[in-house]
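Here is the structure we will look at.
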Amino acid sequence: MGALGLIAQYPDSSGYDLLKMFNESLANVWPATQSQLYNELNRLDADGLVEISSRGARGRKNYRITEDGRGELRAWLTSSDPEPFRNPMLLRVFLLSEVSRSEADGILDRVEATSRAWRDRLDAVAEDVPWDDTDADLYARIALEYGRRSLTAQIEWLDWAHREIGAGTDQATRDNRR
17 MGALGLIAQY PDSSGYDLLK MFNESLANVW PATQSQLYNE LNRLDADGLV EISSRGARGR
77 KNYRITEDGR GELRAWLTSS DPEPFRNPML LRVFLLSEVS RSEADGILDR VEATSRAWRD
137 RLDAVAEDVP WDDTDADLYA RIALEYGRRS LTAQIEWLDW AHREIGAGTD QATRDNRR
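Under my numbering, the first residue of the sequence shown carries the number 17, and numbering increases by one thereafter.
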């Protein structure tokens, strides 16, 4: 839905324009590679949800949303069906008993470093983007703030998890005491 939503907000955008928008504004919530985006654009076109509004040099295609596409987007936006909660990082944490505490601590260090880097990136976006007084920018700022606050909470939780790991006894140490 990310590509369809961006086309709705920015009609007559090319795949390149959309990829740039994904990387600049949606990467924190819905990352996409070039091949994923172009495959999605082809699918949306084949399904009649977008159409090619113009063609440019070197095969450049600009897209606009169709009425069917707008209906599909609206149905998805107003749907109350919750998405299943999946968090690969939490699954990894849940299974950390399969490695030593020092390895677990190292894994959490890497997660924390990544979380800090993402938060720094979002902080920079919040400062650097020339926000307008539009609904699109209002909701983009709200989504951005969710990302910033979620990452801050995750970093605080990781700090707590590090302390918990340090406070206990490693399973291997407990096994050796038996």
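For glycine and all other residues, C-beta sits at the position ideal for the given N, C-alpha and C.
- In this structure, the straight-line span from the alpha carbon of T82 to that of S113 is close to 51 Å.
- When beta bridges are read from the DSSP output, K77 appears opposite R71.
- A straight line joining the alpha-carbon of R126 with that of G72 spans about 44 Å.
- Secondary structure note for F110: its alpha helix (DSSP H) is the uninterrupted segment P104 to F110.
- Note that the C-beta distance between G31 and L60 is not below 8 Å.
- Counting the other CB atoms within 10 Å of its CB gives M17 a total below 16, which places it among the exposed residues.
- Residues of the same chain with a CB within less than 7 Å of the CB of G21, apart from the 5 flanking positions on each side, are L89 in chain order.
- For E128 against L174, the beta-carbon gap comes to about 4 Å, under 8 Å, which counts as contact.
- In the structure shown, V66 adopts extended strand secondary structure according to DSSP, grouped into three states.
- Below 8 Å, enough C-beta pairs join the stretch 149-169 and the stretch 134-141 to call them touching: three or more.
- Counting along the chain, the unbroken alpha helix (DSSP H) around M37 starts and ends at G31 to M37.
- In the DSSP annotation of this structure, the continuous segment of the alpha helix (DSSP H) that includes T94 starts and ends at E83 to T94.
- Counting only residues of its own chain and dropping the five nearest sequence neighbours on each side, S41 has a CB closer than 7 Å to the CB of A156.
- No residue range can be given for D97, since it is assigned to no alpha helix (DSSP H) and is classified by DSSP as neither H nor E.
- Under the DSSP assignment, Y162 falls in the alpha helix (DSSP H) whose first and last residues are D151 to A183.
- Here the alpha carbon of G75 sits roughly 15 Å from the alpha carbon of E67.
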